[in-house]
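**Student:** Chains as they are written, first to last, in the working numbering: chain B, 1063 to 1480; chain E, 1063 to 1480.
I am attaching a structure below and will ask some questions about it afterwards.
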């Protein structure tokens, strides 16, 4: 099966937003083994959209549209498809009720043009929108399938993953099992990782092995094809064992794991509570942990100590430490970790202090970070980073490194095997 | 002049990376007044690339390619264009020297296939690559112009901006000044905003008016054309005044402003310090403020009070308030704001408490949020939100609403006019 992804929206052609939807859908289709030969972006113009549809019908079996399902006159994806396929648009009562309830929950007045969003293509399967108003649609004709999805990624991504993908999976009814498995690394660069598995990258055909770096993390995707799931799984396990021999120490998780979700898993399993005192990251470490549901079981809270006074007066770091070693120092990071652990009564204390940039801070150049960790009754540990990114990249990297070092520490002390 | 942007690379179709190049180039072309009707992504396949070129030549005057200029066999953009236009590829000595020097700087050995990168289209203008190896090209025929750019954004962006754009500017030899101005709104939905300016959207041609919604924010982009900058500016000012009459209360800034940068501007201008006590947002509010350089002048710090115990014992919220009203309540949010302001000695205190989701919390359904604000000696204010997103969308929206309400409060009390 060949697919083509068509994004509709003049804002894309004006360069106001990036077509991240095509990336997301493509990676999902790759997992299903569906080939994508083209992405197209077209504006809110029914003639050009129609031409795009006709062309895509010549090149692909499956046409996936994002955008143009909203309430305004500019939104014309379903209208254009309806005209082209000679289908009526009919009001979907479920979708209308959903939209009315959405407005009630938001305490907003529903305007008449919002009703337009509940119109669906006659004969389609409705894909409910759990995170917005416009429902999606899947329509199949003799020759083609058409999937219509809303533009905002927050609505589109869960709709594709949980509504459209299972339907597609049935549609293609593949005999071949395609199994994908992602190994996640932190603390090793892409080039270094590739060097260590170069022969595998060059010679592996089943499973294939694909490295990808983003946001300071590196992943390896293993994709196996086989007639049975068991055999595909075995192929992946064998290759994974070989990869572990070489770079296993940098592995923190698999597939949809994130550093934060992995840390949560370990903390919950061992009933270890955690608190943090943050300076340069200003709450980003704790916010990252709290992004995972259920973190309340282990994350107690902490302090953001942006100024020296707050570090001393509220957190209780000794003035002498700061005077002698500076706010960006091993001593200060460790003292922050120890004090927050004691104050908040947790098993683990984390202290993060540094110069995020663009300017130097505490006598240290931009990018210098100290992470202090203390676990139960052990002596504190500290780790220095010398980051080279811009301010907010440095802040995010500092958070990821803090989680990475904490997971390592917990592994070294037998709280997890990974 | 009409342009089409063609990205070449199978990694895009596999969903490994996003086509951010198209966004960047589109926004640059918009500034030049060049219309973009399509973006296309095509894989490393010369037949499909050729078809894409032929189609684009029917639809546009200017074809801009990104990617496929590298050293490997997969890289075939210039080869395909050369064959199609019946042009030779010739070795560019300058580019070859640049490539050799690049390898010296990187302390790497130059392999033979890297020389391929110095091949250019006969008769083209070379666009030097200051951040990588493959040079770019601009080639003009009777009917079309072709710009070939490397794929990596850090090479492509400066090359487009500093090499290709000035050439394009001469090519179109535009006498017309094009001025763009973005007005930023918060606290109003896209549909509601459009309803209030519908007549302007329908009837305005110069300036044009384009709405865009993302991440809970709505913007209006005003684009004026004129022979003089002064006149273009006046056209924008006149339309902006009309927009302000209708929806001015929701405006928080312009162009590259963010809610956080605007808040910082107001706080610094008025020398107002701020602290926050955060529950469901767990530091995200303060981290968002700290994402702006120089926030240290006004952000003192705060607490993350994830559990009830910490709210009471560390922050000092009265147990009675929580027992009577619950942790997710107006009373609790206000008490958090008051207590952190007192404890940290700031002008402004912010308290955020809520149920981020997916589960209910503190007896309130997921999405219920209370924001407490206290400013100097005034009585506290509180605001309820009923959000409908997923956990982390709700957390981010809560942060944005907190900043939005704070900016409003500061405006109402004369600290800013916006």
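Even for Gly, the Cβ is constructed at its ideal location relative to N, Cα and C.
Round the Cβ separation of residue 1218 of chain E and residue 1083 of chain E to the nearest angstrom and send it over; I've been treating them as touching at under 8 Å.
**Tutor:** Yes, they are in contact, since the Cβ atoms of residue 1218 of chain E and residue 1083 of chain E sit about 6 Å apart, within 8 Å.
**Student:** I'd like the span of the beta strand (DSSP E) that includes residue 1207 of chain B, first residue to last.
**Tutor:** Its beta strand (DSSP E) spans residues 1207–1211.
**Student:** In the DSSP assignment, the alpha helix (DSSP H) including residue 1330 of chain E goes from what residue to what residue?
**Tutor:** 1321–1332 is the extent of the alpha helix (DSSP H) around residue 1330 of chain E.
**Student:** Can you give me the Cβ contacts of residue 1075 of chain B inside the same chain, cut-off strictly under 7 Å, excluding the 5 residues immediately before and after it?
**Tutor:** So the list reads 1103, 1105, once near-sequence residues are dropped.
**Student:** Please state whether the Cβ-Cβ distance between residue 1363 of chain E and residue 1372 of chain B is less than 9 Å.
**Tutor:** Their beta carbons are under 9 Å apart, which means residue 1363 of chain E touches residue 1372 of chain B by this criterion.
**Student:** Would you say residue 1159 of chain B faces chain E, with C-beta separation under 9 Å as the test?
**Tutor:** So no, residue 1159 of chain B is outside the interface.
**Student:** Closer than 9 Å between beta carbons: that is the criterion. Which residues of the stretch 1199–1221 of chain E meet it against chain B?
**Tutor:** Those would be none; no residue qualifies.
**Student:** Helix, strand or coil: how does DSSP classify residue 1214 of chain B here?
**Tutor:** Of the three classes helix, strand and coil, the one that applies to residue 1214 of chain B here is coil, per DSSP.
**Student:** So what's residue 1172 of chain E in DSSP terms, helix, strand or just coil?
**Tutor:** It is coil, neither helix nor strand.
**Student:** Please determine, among E:1329, E:1299, E:1215, E:1308, the residue with the shortest C-alpha to C-alpha distance to residue 1316 of chain E.
**Tutor:** Selected option, being the one with the closest Cα: E:1299.
**Student:** What are the start and end residues of the beta strand (DSSP E) that includes residue 1340 of chain E?
**Tutor:** 1336–1340 is the extent of the beta strand (DSSP E) around residue 1340 of chain E.
**Student:** Would you check if the stretch 1430–1437 of chain E and the stretch 1408–1420 of chain E touch, i.e. whether three or more CB-CB distances between them fall below 8 Å?
**Tutor:** Yes: the two stretches touch, three or more of their Cβ pairs being nearer than 8 Å.
**Student:** Under 8 Å by Cβ, that's how I've got residue 1460 of chain B and residue 1398 of chain B pegged, so tell me the actual separation to the nearest angstrom.
**Tutor:** With a Cβ gap of about 13 Å, residue 1460 of chain B and residue 1398 of chain B do not count as contacting.
**Student:** Check residue 1390 of chain E in the structure and name its three-state DSSP category.
**Tutor:** Residue 1390 of chain E falls in the coil class under three-state DSSP.
**Student:** Expressed to the nearest angstrom, what Euclidean distance is found between the alpha-carbon atoms of residue 1122 of chain E and residue 1064 of chain E?
**Tutor:** Approximately 5 Å, taken between the alpha carbons.
**Student:** For a cutoff of 9 Å on Cβ pairs, would you count residue 1133 of chain B as touching chain E?
**Tutor:** Residue 1133 of chain B counts as touching chain E.
**Student:** According to DSSP, is residue 1248 of chain B part of a helix, a strand, or is it coil?
**Tutor:** Three-state result, residue 1248 of chain B: coil.
**Student:** Which residues share a DSSP beta bridge with residue 1283 of chain B?
**Tutor:** For residue 1283 of chain B, which the question treats as bridged, DSSP gives the partners B:1244, B:1272.
**Student:** Return the Cβ separation of residue 1326 of chain B and residue 1366 of chain B in integer angstroms, given the expectation that the two are a contact with Cβ distance under 8 Å.
**Tutor:** In fact, because the Cβ distance is near 21 Å, the residues do not count as touching under 8 Å.
**Student:** Quick one: is residue 1176 of chain E buried, meaning 16 or more other Cβ sit within 10 Å of its Cβ, or exposed?
**Tutor:** Buried: at least 16 other Cβ atoms inside 10 Å.
**Student:** Does the CB of residue 1283 of chain E have a neighbour CB from chain B at under 9 Å?
**Tutor:** So yes, residue 1283 of chain E belongs to the interface.
**Student:** If the cut is a Cβ gap below 7 Å, which residues of chain B does residue 1355 of chain E touch?
**Tutor:** By Cβ distance, chain B contributes 1420, 1453.
**Student:** Identify the contact partners of residue 1406 of chain B in chain E, using a Cβ-Cβ distance below 8 Å as the criterion.
**Tutor:** The contacting residues are 1372, 1376.
**Student:** Three or more C-beta pairs under 8 Å: does that hold for the stretch 1382–1389 of chain B against the stretch 1302–1322 of chain B?
**Tutor:** Because the criterion of three Cβ pairs below 8 Å is not met, the stretch 1382–1389 of chain B and the stretch 1302–1322 of chain B do not touch.
**Student:** Tell me whether residue 1222 of chain E sits in a helix, a strand or coil according to DSSP, three-state version.
**Tutor:** In this structure, residue 1222 of chain E counts as helix in the three-state DSSP scheme.
**Student:** I need the boundaries of the alpha helix (DSSP H) containing residue 1436 of chain E, first residue and last residue.
**Tutor:** Counting along the chain, residue 1436 of chain E falls outside any alpha helix (DSSP H), though it belongs to the beta strand (DSSP E) covering 1430–1437.
**Student:** Can you pull the chain B residues whose beta carbon is under 7 Å from the beta carbon of residue 1430 of chain E, in chain order?
**Tutor:** The contacting residues do not exist; residue 1430 of chain E stays about 10 Å from chain B at best.
**Student:** Using a Cβ-Cβ distance under 9 Å, would residue 1256 of chain E count as near chain B?
**Tutor:** Yes - at least one Cβ of chain B is within 9 Å of the one on residue 1256 of chain E.
**Student:** In the DSSP output, what is residue 1315 of chain E paired with across the bridge?
**Tutor:** Bridge partners of residue 1315 of chain E: E:1246.
**Student:** Would you say residue 1478 of chain E lies against chain B (beta-carbon separation less than 9 Å)?
**Tutor:** Taking Cβ atoms only, chain B never reaches closer than 9 Å to residue 1478 of chain E, which makes this a no.
**Student:** What residues in the stretch 1167–1201 of chain B bring their beta carbon closer than 8 Å to a beta carbon of chain E?
**Tutor:** Taking 8 Å as the Cβ-Cβ cut-off against chain E, the residues of the stretch 1167–1201 of chain B that qualify are 1167, 1168, 1169, 1170, 1171, 1173, 1175, 1176, 1193.
**Student:** Are residue 1337 of chain B and residue 1361 of chain B closer than 9 Å when you measure CB to CB?
**Tutor:** For residue 1337 of chain B and residue 1361 of chain B, yes; Cβs fall inside 9 Å.
**Student:** Below 9 Å between beta carbons: does that hold for residue 1127 of chain B and residue 1211 of chain B?
**Tutor:** Cβ distance < 9 Å, so residue 1127 of chain B and residue 1211 of chain B count as in contact.
**Student:** Name the DSSP bridge partner or partners of residue 1199 of chain E?
**Tutor:** Answer by DSSP bridge pairing, in chain order: E:1188, E:1210.
**Student:** Using a Cβ-Cβ cut-off of 6 Å (strictly less than) and excluding sequence neighbours within five positions of residue 1108 of chain E, which residues of its own chain qualify?
**Tutor:** Here the set comprises 1138, 1142.
**Student:** Would you call residue 1078 of chain B buried or exposed, if buried means 16 or more other Cβ atoms sit within 10 Å of its Cβ?
**Tutor:** With 16 or more Cβ atoms within 10 Å of its Cβ, residue 1078 of chain B is classed as buried.
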